[in-house]
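Peer 1: Protein sequence lines, in the order shown, are assigned to chains A and B. Here this note's numbering is used: position 209 in the first sequence is 211, and no number is missing along the way. Here this note's numbering is used: position 301 in the second sequence is 1756, and no number is missing along the way. Every residue, glycine too, gets a C-beta built ideally from N, C-alpha and C. Bear in mind that the values here come from a model prediction, so they are computed numbers and not experimental data.
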Amino acid sequence: MADEVKKEAPANFKVTIDNITIEVAPGTTILHAARQIGGDVTPPAMCYYSKLKGSGGKCRTCLVEVAAGSAADPRPMPKLVASCRTNVMDGMVVKNITSERVQDARAGVVEFLLLNHPLDCPICDQAGECHLQDLSYEHGKEGTRFEFKKRIFEKEDIGPYIQLHMTRCILCYRCTYVADQLTDNRVHGILDRGDHAEISTYISKAIDNDFSGNMIDVCPVGALTDKTFRFKNRVWFTKPVDAHRDCDKCCGKVTLWQRGDEVLRVTARKDEWGEVQSYDGKPGWICNTCRFDKKHINDWVIEGPTKINRHSVISQGHYLGLQIPKETMPDVMSGREPKLLMDIQDVSEVNSVDISALPGPATSKTFEKKEQ
Amino acid sequence: MSLFSIFTFEFCLIKMGRKLLLEKAHIENIRFYDVYRREGGYRSVEKALKTMTPDAVTEEVKKSGLRGRGGAGFPTGMKWSFLAKPEGVPRYLVVNADESEPGTFKDRYLMEFIPHLLIEGMITSSYALGSNRSYIYIRGEYAWIVDILEQAIAEAKNNGWLGKNILGSGFDCEIYIQRGAGAYICGEETALLESLEGKRGNPRIKPPFPAVKGLWDCPTVVNNVETIAAVVPIVNEGGEEYAKIGIGKSTGTKLISACGNIKKQGVYEIDMTISVEEFIYSDEYCGGIANGRKLKACIPGGSSVPILPANLLLTTAKGEKRIMNYESLADGGFASGSMMGSGGFIVLDDSQCVVKHTYTLARFYRHESCGQCSPCREGTGWMEKILLNIEKGKGKMSDIDLLWDIQRKIEGNTICPLGDAAAWPVAAAIRHFRDEFEWHVTNPDDAQRRNFGLAHYADPIHAPVTS
Ligand code: SF4
Ligand code: FES
């Protein structure tokens, strides 16, 4: 009897993270164990990407404190460890948000990551879906102590589809793993070292592989963005819709980012951790044809609105289950309608289009026509 | 009397100042095989391959108490015994000759003047570890040494010490040499392995450790040049004899590359029993401070170990004489001690500016960071900029605390020890020379024209009397 229990025990490891105990399979990393618990207990991960082999360990945002190594050897680990690359042991006790050391180190990492980051969010296409923005809001300090000129890079053109903004890069290496693991010829890597290290194709414009566009999806910041979407719209003004098509190269399952009927952008579908979704254990990478060339609503079979986390700014344009607030004016004005004092449309020379008169939301076309 | 017993006999005669590695380095043409062999070279290979099992060699190394001479000081025998030995998987010995730590040039001396000692040590060690292909990864800037080593390897091969079935023992071994491309980071063992595999020299994320997954994912031991050279006398004389030299856990001899403001810069072999004071001032070693100046500070173990002011260098906080060995140099922890490190002994006299010196080191680490992990990549550059400001008289008082906070956030939070190596010098400089930093802030003009000088850094230490 006792033997039987013993045999079963190693099937699962018990690990305690921030006082919550769960059982996970041996070989699970601390980060994945924490993701199974979810919520605040999950350390942020800027460089780790479960679908990219060898990723992680670099950004150091996921550092956690191991208060007890295992049941067999309960000594604490002297240094904070990268939870994305450290496997759990049976009886391990991990402290993430309950550890002051972790909070302190993480705030340090955020400061480091932002040190040379241009913080050009107002003109960055990634704003609104940028992991660095989220990270700084949640774990950063309000100001920086860096009083020097930020590092800048010479602009490099890496082809017709992908825009590289090296100054925004946090050197997470994810895109180089995409190049390594998804495309047949590696044409994308890191040049130089230290704070002057940069992402490059070396031979400019060499990225023409069918799956190269996935670099855009894995990039946590706005260093790699979709050229066909560039400056077209803020993501939170667009409506994400799940759609699919029959594709002979990829799974064909995508998210369309629409404004009205116009498809402004096509991306792979993301899971709750911001990673590309998996189908039957296979990552749903999409091909460049689906991503860049199928920008017509008729190319796709629409499945329905994409579920967006309510904490995301993108959810502001998400109309599912919408409750229209009650008009209160007539009530407080004892039945009278308010009087229009000035129509902004009449006096403004900026808004040449009467937006309120449009049948649907404005798109880039609305303004193009007007100018001609 | 056999060769071996003559050697032991000699060994008993000379006790102090014993030399094991450089004893014969001055002999003319020792660089070449014939002279090296005539002087007793390659006996350790004969002894090991003919009379010992591989495990017996490892056992001798364990008994010798030899500790890694590259900087970390980890017991070599223990490291060897960690090597995984799965069936049918090759194992590798890789010699780390990427000596790039500022102030350290002992391996260069050894390889340049007595290259066969390294080759001999490698054959013996390869036998112990079961490595049939062993590598020397050498710093790119040591271009001329590559030729010297290549020649030594060819000579060894021509004389039957390398190749198939060496000495009829059934053991095959080849040694290859690979030049680095000039990156300090490739001295970190996993970055070295990446580079050796032909990839970008980024340190790997550990675990797995090289003992399990090293070169081409096979079990690998990476050892420093001096460590492997020390295997020769250990096998010749036996581990226990070797362990008799030195004090406590600092056994055997250690090469020290001494530089800076001393009269006689150079590479010295010490037996880890002499005091720091004797090492600096005696004529046998550094010969005292040059130009009649006074000792201000010293970095005893290569640029990344903590700098110490003169008083704490010569005497520990407990008031004891500091000895040139692992334990004594580290006595007091980082609060009042330093480290043996790689043996790069850098001496600063009272004309040297600690702020400028710290800036120079910070610049080095910024330039050499691989850029993989954020604390090191961003933190090193930030520290360099602040230090330059202070050095140029543009610093603020708050900058000193800021520096402290930055180094604190780098240390221990990075992938590899380069982050720590960059943080420690800054931390130690502020810890012991804060008044000099403050003086740079409060006297910005003065600081451009003259030096802060010796202040109280050489004052005798009042050791607290403990009852
Ligand atoms: S470009 Fe983006 S994905 Fe690539 S390393 Fe930089 S931040 Fe990471
Ligand atoms: S996510 Fe773990 S170090 Fe970047």
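1. Could you list the residues in the segment 1636-1647 of chain B with a C-beta less than 9 Å from some C-beta on chain A, going in chain order?
2. With DSSP as the reference, identify every bridge partner of B:Ile-1725, one or two as the case may be.
3. DSSP three-state label for B:Leu-1617, please.
4. Go ahead and pull the three-state DSSP assignment for B:Gly-1715.
5. So does the segment 1823-1835 of chain B actually touch the segment 1787-1805 of chain B, counting three or more Cβ pairs closer than 8 Å?
6. If you measure between the beta carbons of B:Pro-1509 and B:Phe-1819, is that distance less than 8 Å?
7. Measure the alpha-carbon distance for B:Leu-1477 versus A:Arg-37 and round it to whole angstroms.
8. Tell me, which residues are paired with B:Gly-1848 by DSSP?
9. Taking the beta strand (DSSP E) that B:Gln-1633 falls in, what are its first and last residues?
10. Examine the Cβ distances between the segment 70-78 of chain A and the segment 1827-1841 of chain B and report whether three or more of them are shorter than 8 Å.
11. Using a cut-off of 9 Å between C-beta atoms, extract the partners of B:Pro-1665 located in chain A.
12. So, is the C-beta of A:Lys-55 closer than 8 Å to a C-beta in chain B?
13. Does the beta carbon of B:Pro-1915 sit closer than 8 Å to a beta carbon anywhere in chain A?
14. Pick out whichever of B:Trp-1859, B:Gly-1874, B:Ser-1580 and B:Ile-1632 has its Cα sitting closest to the Cα of B:Gly-1437.
15. Ordered along the chain, which non-local residues of its own chain (more than five positions away) have a Cβ less than 7 Å from that of A:Met-91?
16. Just checking my contact of B:Val-1760 with B:His-1895 at CB under 8 Å: how many whole Å lie between their CB atoms?
17. Does any residue of chain A bring its CB to less than 8 Å from the CB of B:Ser-1824?
18. Give a yes or no on whether the C-beta atoms belonging to B:Ala-1684 and B:Leu-1565 are separated by under 8 Å.
19. Between the segment 206-226 of chain A and the segment 235-250 of chain A, do three or more beta carbon pairs fall short of 8 Å?
20. Between which two residues does the beta strand (DSSP E) carrying A:Met-217 extend?
21. Counting only beta-carbon separations shorter than 8 Å, does B:Leu-1857 have a partner in chain A?
22. Along the chain, where does the beta strand (DSSP E) that runs through A:Trp-259 open and close?
23. With DSSP run on the structure shown, which of helix, strand or coil describes A:Cys-49?
24. What separation, rounded to the nearest whole angstrom, lies between the Cα atoms of A:Leu-137 and A:Val-112?
25. Look at the alpha carbon of B:Asn-1678 and the alpha carbon of B:Leu-1572, and state the distance between them as a whole number of angstroms.
26. In chain B, which residues lie less than 7 Å from A:Phe-148 when you measure between Cβ atoms?
27. Are the CB atoms of B:Tyr-1740 and B:Tyr-1723 within a distance shorter than 8 Å?
28. Any idea which residues DSSP pairs B:Thr-1770 with across the strands?
29. Grouping DSSP H, G and I as helix and E and B as strand, with all else coil, what is B:Tyr-1820?
30. Say the cut is 7 Å; is the CB of A:Tyr-175 nearer than that to a heavy atom of ligand 1?
31. Run the CB neighbour count on B:Gln-1903, radius 10 Å, all protein chains shown included, and call it buried at 16 or more, exposed below.
32. Among B:Pro-1545, B:Leu-1548 and B:Gln-1606, which one has its Cα closest to the Cα of B:Asp-1489?
33. Hey, could you find the ends of the alpha helix (DSSP H) A:Leu-134 is sitting in?
34. Tell me which residues of the segment 93-119 of chain A have at least one Cβ-Cβ distance to chain B shorter than 7 Å, keeping chain order.
35. Who are the neighbours of B:Lys-1864 on chain A, taking C-beta pairs under 7 Å?
36. Could you pull out every residue in the same chain whose Cβ sits closer than 7 Å to the Cβ of B:Ser-1806, ignoring the five residues on either side in sequence?
Peer 2: This is what the structure gives:
1. Going along the segment 1636-1647 of chain B in chain order, one finds Ala-1638 and Ile-1640 with a Cβ nearer than 9 Å to chain A.
2. BP columns for B:Ile-1725 point to B:Lys-1709.
3. The three-state secondary structure of B:Leu-1617, taken from DSSP, is coil.
4. The DSSP-derived three-state label of B:Gly-1715 is strand.
5. The segment 1823-1835 of chain B vs the segment 1787-1805 of chain B: no contact.
6. No; because the gap between Cβ atoms is not below 8 Å, this pair is not in contact.
7. Near 57 Å, if we compare the C-alpha coordinates of A:Arg-37 and B:Leu-1477.
8. BP columns for B:Gly-1848 are empty, so no partner.
9. Residues 1629-1634.
10. Put simply, the segment 70-78 of chain A does not touch the segment 1827-1841 of chain B. Fewer than three CB pairs are less than 8 Å apart.
11. Here the premise fails: no neighbours, minimum Cβ distance about 16 Å.
12. Cβ-Cβ to chain B under 8 Å: no for A:Lys-55.
13. No, its Cβ sits nowhere closer than 8 Å to a Cβ of chain A.
14. Nothing can be reported for residue 1437 of chain B: it is not among the residues displayed for chain B, which extend from 1456 to 1922.
15. Hits under 7 Å: Phe-15, Gly-71 and Ser-72.
16. Incorrect: roughly 23 Å between the Cβ atoms, too far for contact.
17. The beta carbon of B:Ser-1824 falls within 8 Å of a beta carbon belonging to chain A, placing the residue at that interface.
18. In terms of Cβ geometry, B:Ala-1684 and B:Leu-1565 form a close pair [threshold 8 Å].
19. Judged by Cβ distances under 8 Å, the segment 206-226 of chain A makes no contact with the segment 235-250 of chain A, as fewer than three pairs qualify.
20. Per DSSP, A:Met-217 belongs to no beta strand (DSSP E); it is in the alpha helix (DSSP H), 216-220.
21. Closer than 8 Å: yes.
22. Counted as a single uninterrupted DSSP element, the beta strand (DSSP E) harbouring A:Trp-259 occupies residues 255-261.
23. DSSP, read as helix, strand or coil, puts A:Cys-49 in coil.
24. Distance between the alpha carbons of A:Leu-137 and A:Val-112: 7 Å.
25. Computed Cα separation, rounded: 15 Å.
26. What A:Phe-148 touches in chain B: Trp-1837.
27. Taking a C-beta distance under 8 Å as the contact criterion, B:Tyr-1723 and B:Tyr-1740 qualify as a contact pair.
28. Secondary-structure assignment with DSSP links B:Thr-1770 through a beta bridge to B:Lys-1776.
29. If DSSP states are grouped into helix, strand and coil, B:Tyr-1820 belongs with the helices.
30. With a threshold of 7 Å, the Cβ atom of A:Tyr-175 counts as near ligand 1, since some heavy atom of the ligand is closer than that.
31. By the neighbour-count criterion, in which a residue is buried when 16 or more other Cβ atoms sit within 10 angstroms of its Cβ, B:Gln-1903 is exposed.
32. In terms of Cα proximity to B:Asp-1489, the closest of B:Pro-1545, B:Leu-1548 and B:Gln-1606 is B:Gln-1606.
33. Unbroken alpha helix (DSSP H) run through A:Leu-134: 133-141.
34. Residues Ala-107, Gly-110, Val-111, Phe-114, Leu-115, Leu-117 and Asn-118.
35. Neighbours of B:Lys-1864 on chain A, chain order: Ala-107 and Gly-110.
36. Excluding positions up to five away in sequence, the list reads Arg-1748 and Asn-1906.
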